[in-house]
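Taking it in order: structure first as structure tokens, then the write-up.
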Amino acid sequence: MTRMLSLSLILLAFANGAGAQQAQPADPIQAALNRKDFTTAVNLLRPLSDGGDPQAQALLGQLYAAGQGAKQNFPEALNLWRKAASQNYGPAQYNLGLAYATGRGVKRDYTEAAKWIRSAADQNIPEAQRDIALMYHEGQGVTRSYGSAMDYYRKAAQQGVPEAHFALGSMYAGGQGVKQDYAEAATWYRKAAEVGLPEAQYNLGAMYANGQGLPKDTGQAVTWWTKAADKGHPDAQMNLGILYLSGNGIAKDPGQALNYLKKANAQKIPEALQGIRSMAEGGYGPARVEMGLAYESGRGVPKLEAEAVSWYREAAEQGNAAGQYNLGRMYAAGKGVPQNTVEANAWFEKAAKQGHSQAKAQLKR
13 MTRMLSLSLI LLAFANGAGA QQAQPADPIQ AALNRKDFTT AVNLLRPLSD
63 GGDPQAQALL GQLYAAGQGA KQNFPEALNL WRKAASQNYG PAQYNLGLAY
113 ATGRGVKRDY TEAAKWIRSA ADQNIPEAQR DIALMYHEGQ GVTRSYGSAM
163 DYYRKAAQQG VPEAHFALGS MYAGGQGVKQ DYAEAATWYR KAAEVGLPEA
213 QYNLGAMYAN GQGLPKDTGQ AVTWWTKAAD KGHPDAQMNL GILYLSGNGI
263 AKDPGQALNY LKKANAQKIP EALQGIRSMA EGGYGPARVE MGLAYESGRG
313 VPKLEAEAVS WYREAAEQGN AAGQYNLGRM YAAGKGVPQN TVEANAWFEK
363 AAKQGHSQAK AQLKR
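Residue numbers for the sequence shown, in this note's numbering: 13 to 377.
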């Protein structure tokens, strides 16, 4: 599911909402903000804020919270947001709610957070609609209600919030608050996926892979998993590694398989290293090098330098330049083997003859 915005993201959401509700503050303030002259903006906002203008209070609070144009003063920001929120000014209510949700400047209080975020949501602020939906979904500060979560997610989705599209897809897929409907889930996942939300891209790929709500299509699964994987989604990386390794529905490609399995392993997906090991045991040189690196660094396996040397040697002896270089490096440093400069240089020379740049640099030294 989606997660609550951190307080550091309030300001952008607030800035978008603030200008939509009143014409005050006037153009000089906006001009100062546009040229990042925050000191001038603060000086122009103060008299309006002191006069009770809620938008000025909320915007001045934003600048105090960010330390822009004045020394950072979060208690004063909260004070100004409370004044504006008490006048039913939505962006200030949202900022105040998120302060309570994150516990910044006040004691964390989800009930108080939900009160203010719901007030902002009912004034059609899309980020607030998304966040109060999440609070209803999780039962955080309110009684859990999938129906209320669906209502607010729909409102946020109608305003184009990608996380709301994704959340609706998840609720249809899980049958939470609605009858389970994979086709409807896929529709909502697609909306979020098309604007780049990696979790939605992964889920849409999974629905194509499994034929849930969509015709089974491995090619489409690969397309969407690739988009998610390129944004760092570990499960997408893992699935692509396995697909390219097995050739199940696509052409086998050990290079691509190892590429994605390495990325998944870097994110501590246990099955990824198992896939790399199977490739290494099958004789694939680059995978043997990767196993050596894993044992040398202790990434996903115990740190065993002698075991790393064994994997590097297997790769080196079958002519893999990276294996030759790494084996030479271990001999040069005396890691996992007795230090032996002659042996190190011999392996560096083999790697250098294949164009390995680091081996060439070692020989020059």
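Each residue gets a CB set at the ideal place from its N, CA and C atoms; glycine is no exception.
Boundaries of the alpha helix (DSSP H) around His177: 174 to 186. With a cutoff of 8 Å on beta-carbon distance, Pro210 and Ala179 are scored as not near each other. Taking C-beta separations shorter than 8 Å and ignoring five residues to either side along the sequence, the partners of Glu317 in its chain run Tyr307, Glu308, Met342, Lys347, Gly348, following chain order. In the three-state reduction of the DSSP assignment, Lys243 falls in the coil class, being assigned neither a helical nor a strand state. About 14 Å separates the beta carbons of Tyr158 and Gly181, which is beyond the 8 Å limit, so they are not a contact pair.
Contact check for Ala320 and Gly340: beta-carbon distance about 13 Å, past the 8 Å limit, so the pair fails to qualify. Here Lys167 has Gln141 as same chain residues with Cβ atoms under 6 Å from its own Cβ, once five neighbours each way along the sequence are excluded.
Annotation for Ala205: Ala212, Gln213, Leu216, Trp236 place their beta carbon closer than 7 Å to its own, counting only its chain and skipping 5 residues before and after.
Remark: C-beta atoms of Ala345 and Gln336 do not approach each other more closely than 8 Å. Per the coordinates, the alpha-carbon of Gln67 lies some 7 Å from the alpha-carbon of Ala96. It is roughly 39 Å from the alpha-carbon of Ser290 to the alpha-carbon of His177. Asn85 and Ile41 have their alpha carbons spaced roughly 20 Å apart. Judged by DSSP secondary structure, Ile288 falls within the alpha helix (DSSP H) whose first and last residues are 282 to 293.
Going by beta carbons, Glu302 and Lys274 fall inside the 8 Å limit. In the three-state reduction of the DSSP assignment, Asp134 falls in the coil class, being assigned neither a helical nor a strand state.
Under the three-state reduction of DSSP output, Gly335 falls in the helix class. Residue state for Pro40 is assigned as helix, using DSSP reduced to three classes. Closest option to Met183, judged by alpha-carbon separation, among Ser160, Gln374, Arg120: Ser160. Distances from the CA of Gly102 to each of Gln74, Gly73, Asp134 were compared; the closest alpha carbon is that of Asp134. Residue state for Gly297 is assigned as helix, using DSSP reduced to three classes. Sixteen is the threshold: when 16 or more other Cβ atoms of the shown chains lie within 10 Å of the Cβ of Ala169, as they do, the residue is buried. Counting C-beta atoms within 10 angstroms of its own C-beta, Gly81 has 16 or more neighbours from the protein chains shown and is therefore classed as buried. DSSP, reduced to helix, strand and coil, places Thr155 outside both helices and strands of the structure shown, so it counts as coil. Between Ile144 and Tyr164, the beta carbon gap of about 5 Å places them in contact (Cβ cut-off 8 Å).
Spatial neighbours of Lys243 in its own chain (CB-CB distance under 7 Å, excluding positions within 5 residues in sequence) are listed in chain order as Pro210. Within 10 angstroms of the beta-carbon of Ser61 lie 16 or more other beta-carbons, which makes it buried.
Counting along the chain, no alpha helix (DSSP H) covers Val190, and no H or E run does either.
Going by C-alpha positions, Leu146 is about 11 Å away from Gly153. In this structure, Asn332 lies away from Gly310, with their beta-carbon atoms at least 8 Å apart. The alpha-carbon separation between Gly367 and Lys315 amounts to approximately 30 Å.
Annotation: Trp93 to Gly186 spans about 38 Å, alpha carbon to alpha carbon.
If only complete runs of 4 or more residues are kept, the stretch 64 to 149 shows the alpha helix (DSSP H) at 66 to 78, 86 to 97, 102 to 114, 122 to 133, in order along the chain. Sequence-distant partners of Thr230 (beyond 5 residues in either direction) whose C-beta falls short of 8 Å from its own C-beta, in its chain, are Tyr220, Ala221, Leu255, Asn260, Gly261, Ile262. Cα atoms of Thr123 and Leu45: separation of roughly 34 Å, rounded to the nearest angstrom.
For Arg325, the uninterrupted alpha helix (DSSP H) segment begins and ends at 317 to 329.
Of all alpha-carbon atoms in Met250, Lys280, Tyr106, the one lying nearest the alpha-carbon of Ala269 is that of Met250.
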